[in-house]
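With the first letter of the sequence shown counted as 1, position 68 gets the number 67 in numbering that gives the first Met the number 0; the numbers rise by one all the way through. Glycine included, every Cβ here is placed at the ideal spot set by N, Cα and C.
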Amino acid sequence: MKEEHIPRVMETGCFVESKVYRILQEDETEGISYAFQYFANNISDYFNYQKNFAAALQKESLDLFPGKYTAFRSILKEV
């Protein structure tokens with residue numbers, strides 16, 4: 000992810016920063032989990048990413064890491 004997917008997402012120009020977090024859990028018997036966060040200047044840049052880049056990049060991830068992850072997406076606004 001750090002060597003392939005994240006750089007490709009950032010190359011779209013839709014995001015200005017990315018961060019990777021390890022999710023801390025008391026019980027890691029099912030494995031270690033991570034959260035990936037991307038920061039856009041505005042919601043239009045995010046929608047541009049969704050419209051023009053997301054499907055292809057998500058497919059690349061599925062091909063690189065088949066059956067090794069689950070994903071969900073959320074839009075957050077700092078308050």
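Handout entry: Rounded straight-line distance, which links the Cα of V15 to that of K76
Key = Within the sequence shown, numbered from 1, the residue matching residue 76 stands at position 77. Within the sequence shown, numbered from 1, the residue matching residue 15 stands at position 16. The straight-line gap from Cα to Cα measures roughly 15 Å.
Problem - Helix, strand or coil at V19 according to DSSP, with G and I counted as helix - result: On the sequence shown, residue 19 is found 20 positions in, with the first residue counted as 1. When secondary structure is reduced to three states using DSSP, V19 falls in the strand class.
Exercise for the section: Decide yes or no for the touch test of the segment 0-18 against the segment 54-70: beta carbon pairs closer than 8 Å, at least 3 of them. Expected result: For the pair of segments examined, the segment 0-18 was found to touch the segment 54-70: the number of CB pairs separated by less than 8 Å reaches three.
Problem - Secondary structure of Q24, DSSP reduced to three states - result: The residue you call residue 24 lines up with position 25 of the sequence shown. Q24: coil per DSSP, three-state reduction.
Exercise for the section: Have a look at A55 and Q24 and give me their C-alpha separation to the nearest angstrom. Expected result: For this step, residue 55 is matched to residue 56 along the sequence shown. For this step, residue 24 is matched to residue 25 along the sequence shown. In this structure, the CA atom of A55 is about 31 Å from the CA atom of Q24.
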